[in-house]
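The structure appears right after this line, and notes come after that.
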Amino acid sequence: MLKTSTCEYTERTREWTIQHYLSGFCSSTTPQPSLLYDRCSTGGNYTDTGAYAANLKTLLSSISNSSDLISDGFFNASIGQKEDQVYALALCRGDQTVTSCRSCLNDSSQAITEACPNQKEAVGGYDRCMLRFSNRTILSTLDTGLVTLRYNLNNATNQAQFNDVLGKLLFDLRDRAAAGGVRKYAADEAKYTSLVTIYGLEQCTPDISVQHCKSCLDLARNDVVLYASGKVGAFAIRYSCVLRFETYSFFQPMADAPPPPLRGTPAPPPLQSPPPLSTDTPGGSSNKFRTTIIIAVLTTSALIVVLLCLFLRLRKRKQNVNVESKFDTNYDSKKAWKYWREGAGSNIIDPILRSDSGSIRDIIRCIHIGLLCVQENVTSRPTMASVVLMLNSFSITLVLPSEPAFFMHSSIDPELPILREHSSRATDSNLNFSKNEASISELHPR
Numbered sequence: 001m002l003k004t005s006t007c008e009y010t011e012r013t014r015e016w017t018i019q020h021y022l023s024g025f026c027s028s029t030t031p032q033p034s035l036l037y038d039r040c041s042t043g044g045n046y047t048d049t050g051a052y053a054a055n056l057k058t059l060l061s062s063i064s065n066s067s068d069l070i071s072d073g074f075f076n077a078s079i080g081q082k083e084d085q086v087y088a089l090a091l092c093r094g095d096q097t098v099t100s101c102r103s104c105l106n107d108s109s110q111a112i113t114e115a116c117p118n119q120k121e122a123v124g125g126y127d128r129c130m131l132r133f134s135n136r137t138i139l140s141t142l143d144t145g146l147v148t149l150r151y152n153l154n155n156a157t158n159q160a161q162f163n164d165v166l167g168k169l170l171f172d173l174r175d176r177a178a179a180g181g182v183r184k185y186a187a188d189e190a191k192y193t194s195l196v197t198i199y200g201l202e203q204c205t206p207d208i209s210v211q212h213c214k215s216c217l218d219l220a221r222n223d224v225v226l227y228a229s230g231k232v233g234a235f236a237i238r239y240s241c242v243l244r245f246e247t248y249s250f251f252q253p254m255a256d257a258p259p260p261p262l263r264g265t266p267a268p269p270p271l272q273s274p275p276p277l278s279t280d281t282p283g284g285s286s287n288k289f290r291t292t293i294i295i296a297v298l299t300t301s302a303l304i305v306v307l308l309c310l311f312l313r314l315r316k317r318k319q320n321v322n323v324e325s326k327f328d329t330n331y332d333s334k335k336a337w338k339y340w341r342e343g344a345g346s347n348i349i350d351p352i353l354r355s356d357s358g359s360i361r362d363i364i365r366c367i368h369i370g371l372l373c374v375q376e377n378v379t380s381r382p383t384m385a386s387v388v389l390m391l392n393s394f395s396i397t398l399v400l401p402s403e404p405a406f407f408m409h410s411s412i413d414p415e416l417p418i419l420r421e422h423s424s425r426a427t428d429s430n431l432n433f434s435k436n437e438a439s440i441s442e443l444h445p446r
């Protein structure tokens with residue numbers, strides 16, 4: 001049985017067996033009596049006979065029948081006035097058909113008021129859709145509060161290699177989802193071994209910007225790095241985005257849409273053959289001679305320009321390498337920060353220590369604390385007493401570190417995305433994390 005935790009928001013999770021998790025949680029055609037996850041606000045209540053309750057019922061019943069779901073699987077609307085106004089937002093997974101989307105949201109609409117009775121704000125859903133309502137404006141607003149995090153108990157055989165492949169896949173999916181048009185959805189796969197493939201999916205609510213989508217997915221990826229490193233599956237949901245990966249296929253492939261036909265574009269004029277040069281006149285020979293001279297001069301000039309650019313490029317690259325070597329004293333923190341942001345923090349752990357899967361999480365936590373201690377902003381660094389407390393108490397959730405002091409971006413390093421923690425109503429430090437939807441992970445000092 002999953003435990004229930006209470007903070008500013010109350011997260012109430014249901015009993016879900018490992019078989020549900022490994023089979024994609026539930027069939028799309030089977031009625032779903034309870035939500036896979038839900039989170040209820042404690043900020044305000046409504047009465048069953050009040051105007052807010054009537055508006056909420058009307059709005060929820062209209063979601064699954066909305067024509068907006070046909071185009072992009074996204075719905076948002078509001079109803080009512082002033083304190084009785086209700087806002088709703090619904091999102092279906094990008095690979096879902098209209099029928100599957102309607103079915104999932106219809107189940108969610110019925111179950112969410114049972115999971116969060118008389119609450120003015122709540123979010124819940126299944127792996128195929130998410131539904132959210134509130135008494136405040138939620139459209140076009142980034143909300144990075146953590147809703148739920150679930151992960152498979154099984155570890156990859158080679159966690160370092162697995163994390164490396166997974167990190168590259170998640171970074172690629174993040175960029176593709178953020179730029180994914182009306183759906184802001186991306187799903188793909190990557191080979192871990194010749195026999196095992198990693199399948200990943202990332203999605204944002206389409207109402208937020210490209211940069212906000214990247215920021216939300218960065219935080220979801222950090223959830224996976226901190227609490228599910230080396231695991232063969234995880235499912236992280238924040239209010240504005242979703243991230244999931246497995247070692248089995250759980251999404252439907254989507255064919256790329258063909259480019260729209262061009263309308264009203266005039267046909268290009270037919271090519272005209274140049275008039276032939278007469279070889280019987282002196283003028284014809286002169287034109288040929290001038291053409292040969294011009295081509296020869298242009299070819300030589302182009303070759304000189306190319307060689308000059310190549311020389312300058314090699315020289316600049318050498319200078320950059322020299323600059324990197326001069327700052328070799330900051331190499332460790334720079335390397336740790338780089339892998340941390342890529343979601344591959346275990347890459348800096350000695351291979352001998354990686355073999356002990358039980359200590360991986362403890363080591364990553366120590367790296368996390370170390371990065372907090374070398375932040376560029378001195379006021380953001382923890383005190384020594386705080387460091388001792390963080391090392392001795394695993395019940396304390398660590399904040400995200402910012403860029404280390406003296407960290408330099410050079411032209412020989414790939415551009416690294418910037419992670420920013422955005423404020424939200426929920427405090428992540430009070431959240432519990434569920435393994436396989438069957439238990440809550442209780443962290444204790446070693």
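If you're matching positions, the sequence shown starts at 1 in UniProt numbering and goes up one per residue.
Where a beta carbon is used, it is the ideal one built from N, C-alpha and C, also for glycine.
The three-state secondary structure of Thr99, taken from DSSP, is helix.
In the three-state reduction of the DSSP assignment, Ile348 falls in the helix class.
By the Cβ test, the segment 160 to 180 is not in contact with the segment 133 to 152, since fewer than three Cβ pairs between them sit closer than 8 Å. Rounded to the nearest whole angstrom, the CA to CA distance from Val182 to Val196 is 32 Å. Here the alpha carbons of Asn158 and Phe133 stand approximately 42 Å from one another.
The beta carbon of Glu342 sits closer than 6 Å to the beta carbons of Gly167 from its chain, once the five residues preceding and following it are set aside; these are given in chain order. A distance below 7 Å between beta-carbons, with the five flanking residues on each side excluded, links Gln203 to the following residues of its chain, in chain order: Arg93, Gly94, Ala177, Lys184, Tyr185, Cys241, Val242. The beta carbon of Leu398 sits closer than 6 Å to the beta carbons of His368 from its chain, once the five residues preceding and following it are set aside; these are given in chain order. For Ile237, the closest of Thr247, Phe251, Asn222 by C-alpha to C-alpha distance is Asn222. Annotation: the UniProt domain "Gnk2-homologous" (34 to 138) contains the following complete segments of the beta strand (DSSP E) (minimum length 3 residues), in chain order: 37 to 41, 74 to 79, 86 to 92, 122 to 125, 129 to 134.
If you draw a straight line from the Cα of Lys338 to the Cα of Leu391, it is about 23 Å long. Excluding its 5 nearest sequence neighbours in each direction, Ala220 has C-beta neighbours in its own chain below 7 Å: Ala236, Arg238, Cys241, Leu243, listed in chain order.
For the pair of segments examined, the segment 72 to 88 was found to touch the segment 45 to 63: the number of CB pairs separated by less than 8 Å reaches three.
For Ala187, the pairing in a beta bridge is given by DSSP as Leu201. For Cys40, the closest alpha carbon among the candidates Cys116, Cys129, Ala77 is that of Cys116. Phe250 sits close to Tyr199, with the two beta carbons spaced by under 8 Å. A distance below 8 Å separates the beta carbons of Pro206 and Phe74. Under the three-state reduction of DSSP output, Asn377 falls in the coil class, being neither helix nor strand. In the three-state reduction of the DSSP assignment, Ala236 falls in the strand class.
Judged by DSSP in its simplified three-state form, Phe245 adopts strand. Cα atoms of Leu169 and Gly125: separation of roughly 25 Å, rounded to the nearest angstrom. In the DSSP assignment, no residue is bridged to Tyr227. DSSP places Leu146 in the uninterrupted beta strand (DSSP E) bounded by 146 to 151.
With contacts defined as CB atoms closer than 8 Å, Ala234 and Arg150 qualify as a contacting pair. According to DSSP, residue pairing for Pro404 in a beta bridge involves Gln375. Within its own chain, the residues whose Cβ lies closer than 6 Å to the Cβ of Ile208, once the five positions on either side in sequence are excluded, are Leu142, Ser240, listed in chain order. Counting along the chain, Ala385 sits inside the alpha helix (DSSP H) bounded by residues 384 to 392. Within the DSSP bridge table, the entry for Asn155 names Lys231 as partners. Excluding the 5 residues flanking it on each side, Asn45 has same chain C-beta neighbours closer than 7 Å at Asn118, Gln119, Lys120, in chain order.
With a 10 Å radius around the Cβ and a threshold of 16 neighbouring Cβ atoms, Asp48 comes out exposed. Around Ile79, the same chain offers Asn55, Thr58, Leu59, Gln85, Val86 as residues with beta carbons nearer than 8 Å, after the five sequence neighbours per side are excluded.
In this structure, Thr99 is the residue among Gly180, Thr99, Ser215, Val225 with its C-alpha nearest to the C-alpha of Ser66. When the five nearest sequence neighbours on each side are left out, the beta carbons in the same chain lying within less than 8 Å of the beta carbon of Ser229 are those of Gln159, Asn163, Gly345, Ser346, Ile360, Arg361, Ile364, in order along the chain. A direct Cα-Cα distance of roughly 29 Å separates Val224 from Ser109.
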